[in-house]
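Written out below as structure tokens is the structure these notes cover.
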Amino acid sequence: MWIAHYASGLIAKPFAPGIPLSVLCLAGAAADALFFLLNFIGLESFNFDASIAGGCFPYTNDYPYSHSLVGMGVSGLLVAAAYKAARPDARVSSTDLLVIVAAGLSHFLLEWPSHRHDVKLTPHDAHAFGVGLFNYPTLNLLAETAIFLAGLWVYATFAPKVTKTGYLTHKNRLGMIVAFMLVQQAHFCYGAAPTAETRWVHAPIFLGEIFGSCWVLGKLEG
């Protein structure tokens, strides 16, 4: 999935109001970010596959570390560690840490229905999971949109008011951010791969979208 992963961060905000929304959203998408980073050093890879070009994310993937349940938990821990390193004076409670890791682990629950039988519990597990919703772009678009909007509703309804200053004081911001995310999701579902070069073209593009989306979603709170 794509924008559905940011729903985890939105849902997490009421439980960890002191952690920036951008960080929580990054935790939800951390496994994907880690995957693209590991591509650069050759530990994981993905390759364009013309036989599935009509579906979402038309690639065959080799990602035993980032897209195992264990790896997703580690990716959440890495986000927490990076946040603490960047802001050493920031208070990160044990509850905050658990929420960040839980957002990272939630990646598995969303990948299970969407991926093509390629996510595992551990890096070297012989059994892989995946229902294959990626093969049905319109269904995937509807599912991800619903999950993202549900997460947004939880954030808007239950997060402390002070953490919603960004869109409450800028009346057009919420609509613009939602539109940005939905356009991104539509491109993910229907857009063609720009080239066959995944490591040095596609990976940086996807990684930039992840960091950019987290930054944009962070503008909801300030």
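In my numbering, the protein residues as written are 1 to 222.
Cβ coordinates follow ideal geometry from the N, Cα and C atoms, glycine included.
In this text, all values refer to a predicted model and were calculated from it rather than measured experimentally.
Legend entry - Proximity winner among Phe206, Leu207, Val178 and Tyr136, relative to Ala53 (alpha-carbon distances): Considering only Phe206, Leu207, Val178 and Tyr136, the residue with the shortest C-alpha distance to Ala53 is Tyr136.
Legend entry - Contiguous beta strand (DSSP E) assignments of at least 3 residues, all confined to the segment 132-183: For the segment 132-183, not one full-length beta strand (DSSP E) segment reaches 3 residues or more.
Inset, instruction - Provide the residue span of the beta strand (DSSP E) that contains Tyr59, from first to last. - result: Its beta strand (DSSP E) spans residues Tyr59 to Asp62.
Legend entry - Three-state class that DSSP yields for Ser66 in the structure shown: In this structure, Ser66 counts as coil in the three-state DSSP scheme.
Inset, instruction - Go to Ser45, then tell me how far its beta strand (DSSP E) extends in each direction, as first and last residue. - result: Ser45 to Phe48 is the extent of the beta strand (DSSP E) around Ser45.
Inset, instruction - Would you kindly check if the distance between the Cβ of Thr198 and the Cβ of Tyr59 is under 8 Å? - result: Their beta carbons are under 8 Å apart, which means Tyr59 touches Thr198 by this criterion.
Inset, instruction - Measure from the alpha carbon of Lys219 to the alpha carbon of each residue in Ala203, Ala192, Leu182 and Asn172, then state which is nearest. - result: Closest by C-alpha distance to Lys219, out of Ala203, Ala192, Leu182 and Asn172, is Asn172.
Legend entry - Supposed close pair Leu121, Leu69 - CB separation, criterion 8 Å: The Cβ separation is near 5 Å, so the contact holds.
Legend entry - Where Val92 falls: helix, strand or coil (DSSP): Correct three-state label for Val92: coil.
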